[in-house]
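Peer 1:
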Amino acid sequence: MTEIIEHIWEYLALFGLAAAPWLEVFLVVPLGIAWGLSPIPVSIVGFIGNWIPVLLIGFFFTQISGWWKRRRARKLGISEEEALTSGKKMSRARKIWDRYGTPGLALIAPVIVGTDIAALLALAFGSSKRWVMLWITIGLAAWTVILAVGSYYGFGYIKFLKQG
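Just so you know, we're using my numbering here: the sequence shown kicks off at 1126 and counts up by one.
In structure tokens form, the structure reads like this:
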């Protein structure tokens, strides 16, 4: 607990980075562990920071979806209906959703489009809010654990090689 208090600003920075769009646990967890912070608190902070925007998207999907469609349509010069499916990442996400459903998109999302966009897309594709929130949470938790373990042992191995 004292380690957390001593490094509160680093944890707050990690939380802010995790909550920012497109800065997933893929960046935050390895960064926090590379800073020398404890992997478990880094994982918890990264997970919660990444999870809160997903929850907000779930609660305010209708408003966010309308704003996002208008913004993308204006930016790309296309119709609002095309805005959700245009682009390389969006078409990849749609193919994954068509083939594997919400669970597949949620588990692969942090790699291809990010959890925020995946939640928005899964809801736009017609999945229920409860189903999307459940699977995005499971996918995010799994990636957080994988990244924490990989970063901890990976950075430990690099330190070992430098010493030897």
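Glycine is no exception: its CB is placed at the ideal position from the N, C-alpha and C atoms.
With C-beta atoms as the reference, is LEU1265 less than 8 Å away from TRP1176?
Peer 2: In this structure, TRP1176 lies closer than 8 Å to LEU1265 by Cβ.
Peer 1: Within 10 angstroms of its Cβ, does PRO1155 collect 16 or more other Cβ (buried), or is it exposed?
Peer 2: Per the 10 Å Cβ criterion, buried.
Peer 1: Give the straight-line distance between the Cα atoms of PHE1184 and ILE1271, rounded to the nearest whole angstrom.
Peer 2: About 28 Å.
Peer 1: Using the Cα positions of LYS1213 and GLU1131, report the straight-line distance between them to the nearest angstrom.
Peer 2: Approximately 43 Å, taken between the alpha carbons.
Peer 1: What are the start and end residues of the alpha helix (DSSP H) that includes LEU1232?
Peer 2: That run of the alpha helix (DSSP H) goes 1213-1237.
Peer 1: Can you grab the Cα-Cα spacing for the pair ALA1208 / THR1187, in whole Å?
Peer 2: Roughly 15 Å between the two C-alpha positions.
Peer 1: Give me the residue from ILE1173, SER1168, TYR1282, SER1216 with the minimum Cα distance to LEU1246.
Peer 2: Of the candidates ILE1173, SER1168, TYR1282, SER1216, the one whose C-alpha sits nearest the C-alpha of LEU1246 is SER1216.
Peer 1: Report yes if the C-beta distance between ILE1189 and TYR1277 is below 8 Å; otherwise report no.
Peer 2: No, Cβ-Cβ distance for ILE1189 and TYR1277 is not below 8 Å.
Peer 1: Can you look up LEU1201 in the DSSP assignment and give me helix, strand or coil?
Peer 2: The answer is helix: DSSP assigns LEU1201 an H, G or I state.
Peer 1: Give me the Cα-Cα distance between LEU1162 and LEU1137, rounded to the nearest whole angstrom.
Peer 2: Cα to Cα, LEU1162 sits roughly 12 Å from LEU1137.
Peer 1: Let's see if you can read the secondary structure: which residues bound the alpha helix (DSSP H) around PHE1250?
Peer 2: That residue, PHE1250, is in no alpha helix (DSSP H); it is neither H nor E in DSSP.
Peer 1: Taking only three categories from DSSP, how would you classify GLU1149?
Peer 2: The answer is coil: DSSP assigns GLU1149 none of H, G, I, E or B.
Peer 1: Would you kindly work out how many angstroms separate the C-alpha atoms of LEU1259 and GLY1229, rounded to a whole number?
Peer 2: Looking at the two C-alpha atoms, the distance is approximately 12 Å.
Peer 1: Going straight from the alpha carbon of ILE1242 to that of TRP1256, what length do you get?
Peer 2: Approximately 15 Å between the Cα atoms of the pair.
Peer 1: Report the rounded CA-to-CA distance for ALA1143 versus GLU1149, giving the unit in angstroms.
Peer 2: Taking the straight line joining both Cα atoms gives about 6 Å.
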